[in-house]
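Let me begin by presenting the structure, written as structure tokens, before commenting on it.
Residue numbers (my numbering), protein chains in the order written: chain A, 141 to 261; chain B, -10 to 572.
Laid out in structure tokens, this is it:
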């Protein structure tokens, strides 16, 4: 069964490129959102297997949005920053892990979902 | 200074000027010394003269007694009257008043008045007949005289009579008077010289004290001391409110006013009390410093821009309970900023140049305000420069992140997608795509490094704690970090604190040769305190290396303080306090 994804990012080019790549890799991007409100609504509606949330959502903080959508399923934080630049904030968030946007791939997402770093509990 | 002299001469008009008092005293002392000296000299001279005349009388009497012919004639009853002839000769030759020769019973054998011959002398003659020489001074039948009596002896030594010689004392008095006249002339000249000297001294005293009375000098010194204390505060750059309080208190005290206040004019004829003081220690004005409509002297000073004096003739002054109020403007950059007002309830107080003296204080107030304005403007300007630089860096970082990085990300994802789409058998293409992806990743890492240096994203996203922990993780020297700052701080405070720690840790890594660094951040409602210390070689200095100076500029732009304690061999501590409210 295909992994169902929700991607939350305010950059349209990225959303397009990410959707293209991940669908080529056999994942199902069920929706994309560019605001926290949309993300929460879509997350509740679609119940994705995993939600990718960018740390920069314009005026909104991706970490705040991650806290709001985490009820709907696991969350992975994504950004263009190096992981060590944000590691304190990632540790403090309910996300199960972090992915640099450059390293985005279906395999990397699956690894995070299966890995021991599940922080939902 | 001349003004102060005038004030006091008005205040002290009931007693003569001090220099005049000194002159009187000096003249008084001179006269007393002169009189005492004169009297003493007169007494001594008179005693000397009396003794001399007595000696002269005694010498004449002894000379007469030594002539054996007198004794022989007296024993024989002087049948030839030779005693009278001889004695009268002696009297005329010596200028004596009389030369009297008597027998043992006191019967005169000689006397200037022949009628008294053969008659007994009136004076007591026992002492001379006992063999003693006697001198007496005092009144006698012939007036004041010095008299000498000696015994008259026959050749065997037996006392057969006496010789009495008197010298006219009137001559003593006339000689004494002549001597005293000379002395008086001499003393008179001395008195004159003394008086001239006293006058010269008095004039010198006046010149050296600028013609000021001692009370005026004291007042002047007190006022100068008070002004100096206030000026010192101004120079130290304490807050204007502190200067205001000092000015009202010092001014009130020096002016001997019952109350002083410093008004600050607002808009449309209003004012607020910047500071007030009263002799009784209770605030003369409403301490709430609220704004109120100005009237009376406050309005007069505001209208004229000059010092104003109002006495009890003015209704408002009388109602306020003062006899006199004087106000002077505080002029800051040509505008009337406010006024200092002093009030007196007592009689005769506030006289003289109270306006000028209040103005001395208002000028200091104006300087303090102008200084504070300059400092505020400078601090604001520095703060703006730092803020503008920070804002620029933040914007560049955001532009890099939102623009360049995102485009690179999309590019990288497209390359990934292309890689996944390469049909089997085209291994070369796949390798090329893979190399391009790796190259892109390297470029992205470089860009991340640059962005991080421009502005740390974690600071704006997570605040000081996460940002400093990220910094600590990247440091080559192990860093212990304690952050007890809950929640977010104003952005400028966070940025400054971050750069302080960043620069300090860079210095530790570059220069300290430390094994360990410790960073502590404490924040309360009003301040953030940073302490970065290491166990390195020490010797850090603001004078060396621009890093510390740059930090000081940054910290002071936020009205904070920075202190570097760097003891050679022990390590370096950088202590920074930043107020939060300015953020």
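Note that CB positions come from ideal geometry on N, CA and C, so glycine has one too.
All values reported here derive from a predicted model rather than from experimental measurement.
N-terminal and C-terminal residue of the beta strand (DSSP E) that residue i is part of
i	result
residue 327 of chain B	324 to 333
residue 318 of chain B	313 to 321
residue 151 of chain B	148 to 157
residue 508 of chain B	506 to 512
residue 160 of chain A	Unbroken run through residue 160 of chain A is the alpha helix (DSSP H), 152 to 164; no beta strand (DSSP E).
residue 260 of chain B	259 to 267
residue 234 of chain B	Element bounds for residue 234 of chain B: not the beta strand (DSSP E) but the alpha helix (DSSP H), 229 to 243.
residue 88 of chain B	87 to 92
residue 253 of chain B	248 to 254
Bridge-paired residues (DSSP) for residue i
i	result
residue 241 of chain A	In DSSP, residue 241 of chain A forms no bridge with anything.
residue 469 of chain B	B:507
residue 193 of chain A	A:148, A:217
residue 138 of chain B	B:123, B:153
residue 133 of chain B	B:128
residue 96 of chain B	B:109
residue 574 of chain B	Nothing in the structure corresponds to residue 574 of chain B, since chain B is present only between -10 and 572.
residue 556 of chain B	B:560
Opening and closing residue of the alpha helix (DSSP H) in which residue i lies
i	result
residue 173 of chain A	Note, residue 173 of chain A: premise wrong, no alpha helix (DSSP H); beta strand (DSSP E) at 168 to 173.
residue 208 of chain A	202 to 209
residue 561 of chain B	No alpha helix (DSSP H) contains residue 561 of chain B, which is instead part of the beta strand (DSSP E) from 560 to 568.
residue 634 of chain B	The structure shown has nothing for residue 634 of chain B, since chain B only spans -10 to 572.
residue 363 of chain B	343 to 388
residue 16 of chain B	7 to 55
residue 405 of chain B	395 to 410
residue 419 of chain B	416 to 443
residue 251 of chain A	246 to 254
residue 74 of chain B	71 to 83
residue 203 of chain B	203 to 225
residue 180 of chain A	176 to 186
residue 454 of chain B	453 to 463
residue 287 of chain B	285 to 293
residue 143 of chain A	Per DSSP, residue 143 of chain A belongs to no alpha helix (DSSP H) and is neither H nor E.
residue 283 of chain A	For residue 283 of chain A there is no data in the structure shown, the boundaries of chain A being 141 and 261.
Within chain A, partners of residue i - CB distance below 9 Å
i	result
residue 550 of chain B	Chain A residues near residue 550 of chain B: none, gap ~29 Å exceeds 9 Å.
Closer than 7 Å at the beta carbon, the chain A residues around residue i
i	result
residue 495 of chain B	In chain order: nothing, as chain A lies at least about 17 Å away.
residue 455 of chain B	228, 229
residue 566 of chain B	Those do not exist, as residue 566 of chain B stays about 25 Å from chain A at its closest Cβ, beyond 7 Å.
residue 462 of chain B	224
Closer than 7 Å at the beta carbon, the chain B residues around residue i
i	result
residue 241 of chain A	398
residue 244 of chain A	402
residue 165 of chain A	409
residue 201 of chain A	450
Closer than 9 Å at the beta carbon, the chain B residues around residue i
i	result
residue 161 of chain A	402, 403, 405, 406, 409
residue 157 of chain A	398, 399, 400, 401, 402, 403, 405, 406
Contact list for residue i against chain A, beta-carbon separation under 8 Å
i	result
residue 458 of chain B	228
Test: residue i CB closer than 7 Å to a CB of chain E
i	result
residue 360 of chain B	The question asks about chain E, but that chain is absent: this structure's protein chains are A and B.
- Message: For the stretch 396 to 427 of chain B, list every residue whose C-beta sits within 9 Å of some C-beta in chain A, in sequence order.
- Response: 396, 397, 398, 399, 400, 401, 402, 403, 405, 406, 409, 410, 426
- the stretch 426 to 451 of chain B: which residues have C-beta closer than 9 Å to a C-beta of chain A, in chain order? 426, 429, 430, 433, 434, 436, 437, 438, 440, 441, 445, 446, 447, 450, 451
- Query: Between the stretch 175 to 198 of chain A and chain B, which residues of the former have a C-beta closer than 8 Å to a C-beta of the latter?
  - Reply: 195, 196
- Message: Which residues of the stretch 507 to 535 of chain B have a Cβ closer than 9 Å to any Cβ of chain A? Give them in chain order.
- Response: none
- Members of the stretch 469 to 482 of chain B near chain A, C-beta cut-off 8 Å: none
- Continuous alpha helix (DSSP H) assignments of at least 4 residues falling wholly in the stretch 476 to 554 of chain B: 480 to 496, 535 to 546
- Contact list for the stretch 203 to 230 of chain A against chain B, Cβ threshold 9 Å: 203, 219, 220, 221, 222, 224, 225, 226, 227, 228, 229
- Listed in chain order, which residues of the stretch 366 to 394 of chain B have Cβ atoms closer than 7 Å to some Cβ of chain A? 390, 394
- Chain-ordered residues of the stretch 288 to 303 of chain B with a beta carbon less than 9 Å from chain A: none
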